[in-house]
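**Q**
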Amino acid sequence: MTLYTRSKDGTKIAYKVTGEGPAIILLHGGGDTKEVWFDSGWVDKLKEFKIIAIDARGSGESDKPNDPDSYWIADLRWDIYSVADACNVDDFSLLGFSFGGAIAKSIAAKSRRVNKAVIIGHTFGASAYGQFVEEIPVIRERWKFLAEEQHHSVLDYGSLSKLERFWVDNYHLPSWIHIITQMANWEVVEPGDIKCPLLVVIGSGDSDSVKQSEKYLKDIKEQENIYLEIIYGLDQLEQFSKIDKVWPRVERFLKS
10 MTLYTRSKDG
20 TKIAYKVTGE
30 GPAIILLHGG
40 GDTKEVWFDS
50 GWVDKLKEFK
60 IIAIDARGSG
70 ESDKPNDPDS
80 YWIADLRWDI
90 YSVADACNVD
100 DFSLLGFSFG
110 GAIAKSIAAK
120 SRRVNKAVII
130 GHTFGASAYG
140 QFVEEIPVIR
150 ERWKFLAEEQ
160 HHSVLDYGSL
170 SKLERFWVDN
180 YHLPSWIHII
190 TQMANWEVVE
200 PGDIKCPLLV
210 VIGSGDSDSV
220 KQSEKYLKDI
230 KEQENIYLEI
240 IYGLDQLEQF
250 SKIDKVWPRV
260 ERFLKS
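Here is the structure:
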């Protein structure tokens with residue numbers, strides 16, 4: 010059953026709760042919703058936890074404010090705190106993938122409420138990096154066009170590329186235009202900023218995250234509470250979907 014609470018600015022945030030035990034909050038990637046954690050098998054692996062899966066603002070059943078100033082990283086942090094408060098959870102662990110990893114990283118740097126954090130397919134520094142940050146202007150303009158076509162009910166779905174169909178099917182484009190614009194300006198988080206034990210998991214095929222992590226290797230090694238795992242043979246999406254490769258590392262960290 011989907012539950013709802015209001016964030017600090019009044020935005021309605023949707024979430025699901027299942028299981029018993031220490032709380033772990035799950036933060037989905039771009040183009041996904043809280044349901045992906047259930048459908049992919051991650052929830053089954055986390056059966057020893059009280060699982061709180063959240064729809065980020067702009068996604069799923071959460072509100073989708075049409076205001077760029079509603080998508081600063083501080084707003085998304087408050088969404089998580091508000092859900093935790095609604096669940097009567099004082100402290101929690103975090104598991105975030107890609108976009109969700111960026112949110113988890115920021116919370117791990119700002120809040121003492123986090124016991125442990127795992128970020129998959131994301132790493133230190135800016136929240137937007139590598140090829141993605143270079144492509145933001147082009148993606149944004151294409152999304153604006155597609156959103157306008159959708160709004161006026163004149164979108165020719167059959168003429169779209171496979172990628173454009175994925176965008177249309179999986180993103181609330183007006184919200185995500187704001188999100189990717191603001192992501193490029195979210196605060197930088199470095200290894201020394203992290204306040205809790207943190208595991209970063211990256212597939213070797215996610216070249217942007219690998220290269221970005223390499224910039225911080227010295228700083229990572231200087232922090233006793235940060236662990237970096239690069240898994241050979243996994244690309245950006247497989248970091249999430251190939252649970253049999255990723256879960257043993259996550260499980261070992263969460264149980265340590």
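Using our numbering, count along the sequence shown one by one with no gaps and you end on 265. Note that CB positions come from ideal geometry on N, CA and C, so glycine has one too. All values derive from a computational prediction rather than experimental measurement.
Determine the DSSP secondary structure at ARG15, reduced to helix, strand or coil.
**A** Here residue 15 refers to the residue found at position 6 of the sequence shown. In this structure, ARG15 counts as strand in the three-state DSSP scheme.
**Q** What do you get for TYR24, buried or exposed, if any count of 16 or more other CB atoms within 10 angstroms of its CB means buried?
**A** Position 15 of the sequence shown holds residue 24. Buried, by the Cβ-count rule.
**Q** Do the region 136 to 145 and the region 178 to 188 make contact, defined as three or more Cβ pairs closer than 8 Å?
**A** Contact between the region 136 to 145 and the region 178 to 188 is absent: fewer than three C-beta pairs spanning the two stretches fall below 8 Å.
**Q** Measure the CB-CB distance between ALA118 and ILE229 and report whether it falls below 7 Å.
**A** Position 109 of the sequence shown, counted from the start, is the residue given in the question as residue 118. Position 220 of the sequence shown, counted from the start, is the residue given in the question as residue 229. No; because the gap between Cβ atoms is not below 7 Å, this pair is not in contact.
**Q** Measure the beta-carbon distance from ILE148 to ILE89 and round it to whole angstroms, keeping in mind my assumption that it falls under 8 Å.
**A** Within the sequence shown, residue 148 is the residue found at index 139, counting from 1. Within the sequence shown, residue 89 is the residue found at index 80, counting from 1. About 26 Å; that fails the 8 Å criterion.
**Q** Beta strand (DSSP E) containing ILE33: first to last residue?
**A** Here residue 33 refers to the residue found at position 24 when the sequence shown is read from its first residue. Unbroken beta strand (DSSP E) run through ILE33: 32 to 36.
**Q** Take CYS96 as the anchor and find which of ARG15, GLU238, TRP51, SER265 has the nearest alpha-carbon.
**A** For the purposes of this step, residue 96 is taken as the residue at position 87 of the sequence shown. If we check each option's Cα against that of CYS96, ARG15 comes out closest.
**Q** For THR27, decide whether its Cβ has a neighbour in chain B, counting only Cβ atoms nearer than 7 Å.
**A** You won't find chain B in this structure, because it holds only one protein chain.
**Q** Would you check if the distance between the CB atom of LYS17 and the CB atom of TRP87 is smaller than 7 Å?
**A** Position 8 of the sequence shown holds residue 17. Position 78 of the sequence shown holds residue 87. Yes, these two residues count as a Cβ contact at 7 Å.
**Q** Starting from SER184 and walking both ways along the beta strand (DSSP E), at which residues does that stretch end?
**A** As a first step, residue 184 must be located in the sequence shown, where it is residue number 175. Premise fails: SER184 lies in the alpha helix (DSSP H), 182 to 192, not in any beta strand (DSSP E).
**Q** Which partner residues does PHE106 have in the DSSP bridge list?
**A** Residue 106 sits at position 97 when you count from the first residue of the sequence shown. Beta-bridge pairing links PHE106 to ILE129.
**Q** Alpha carbon to alpha carbon, how far is ASP84 from ASP253?
**A** Numbered from its first residue, the sequence shown carries residue 84 at position 75. Numbered from its first residue, the sequence shown carries residue 253 at position 244. Distance between the alpha carbons of ASP84 and ASP253 is about 34 Å.
**Q** Mapping DSSP to helix, strand and coil, what is LYS227?
**A** As a position in the sequence shown, residue 227 is number 218, starting the count at 1. Three-state result, LYS227: helix.
**Q** Going by DSSP in three states, GLU238 sits in which element: helix, strand or coil?
**A** Residue 238 sits at position 229 when you count from the first residue of the sequence shown. Here DSSP, grouped into helix, strand and coil, assigns GLU238 to strand.
**Q** Look up PHE101 in the DSSP assignment and give the residues it is bridged to.
**A** Start at 1 with the first residue of the sequence shown, and residue 101 comes out as number 92. According to DSSP, which records beta bridges pairwise, PHE101 is partnered with VAL123.
**Q** As a quick exercise: from THR190, SER222, SER218, pick the residue whose alpha carbon is nearest that of PRO200.
**A** Here residue 200 refers to the residue found at position 191 of the sequence shown. Checked all of THR190, SER222, SER218; the closest Cα to PRO200 is SER222.
**Q** Across which residues does DSSP place THR27 in a beta bridge pair?
**A** Along the sequence shown, one-based indexing puts residue 27 at 18. Within the DSSP bridge table, the entry for THR27 names ILE60 as partners.
**Q** Taking 6 Å as the cut-off, is the beta-carbon of MET10 closer than that to any non-hydrogen atom of the ligand HEM?
**A** Of the ligands one can find in the structure shown there are none, so the ligand HEM has no counterpart to examine.
**Q** Going by DSSP, which residues form a beta bridge with TYR255?
**A** Taking the first residue of the sequence shown as position 1, residue 255 is located at position 246. Reading off the sequence shown, one finds Val at residue 255, where the question assumed Tyr. In DSSP, VAL255 forms no bridge with anything.
**Q** Let's test the definition: count the other Cβ atoms within 10 Å of the Cβ of PHE154 and tell me whether it reaches 16, buried, or not, exposed.
**A** Locating residue 154 in the sequence shown gives position 145, counting from the first residue. The residue is exposed, with fewer than 16 neighbouring Cβ atoms inside 10 Å.
**Q** As a quick exercise: from TRP185, LEU103, SER168, ILE189, pick the residue whose alpha carbon is nearest that of ALA135.
**A** Working through the sequence shown from its first residue, we reach residue 135 at position 126. Out of TRP185, LEU103, SER168, ILE189, ILE189 has the C-alpha closest to the C-alpha of ALA135.
**Q** Which value, in whole angstroms, describes the spacing of the CA atoms of ASP64 and ILE240?
**A** Position 55 of the sequence shown, counted from the first residue, corresponds to residue 64. Position 231 of the sequence shown, counted from the first residue, corresponds to residue 240. About 27 Å.
**Q** Using only the alpha-carbon positions, how far apart do ALA126 and GLN159 sit?
**A** In the sequence shown, the residue the question calls residue 126 occupies position 117. In the sequence shown, the residue the question calls residue 159 occupies position 150. So the two alpha carbons sit approximately 38 Å from each other.
**Q** Return the CA-CA distance between SER68 and SER79, expressed in angstroms with no decimal places.
**A** For this step, residue 68 is matched to residue 59 along the sequence shown. For this step, residue 79 is matched to residue 70 along the sequence shown. SER68 and SER79: Cα-Cα distance of roughly 13 Å.
**Q** Can you tell me which of ASN194, THR132, PHE106, ILE128 puts its alpha carbon nearest to the alpha carbon of LYS224?
**A** Within the sequence shown, the letter at position 215 stands for residue 224. Ranked by Cα distance from LYS224, the options ASN194, THR132, PHE106, ILE128 are led by THR132.
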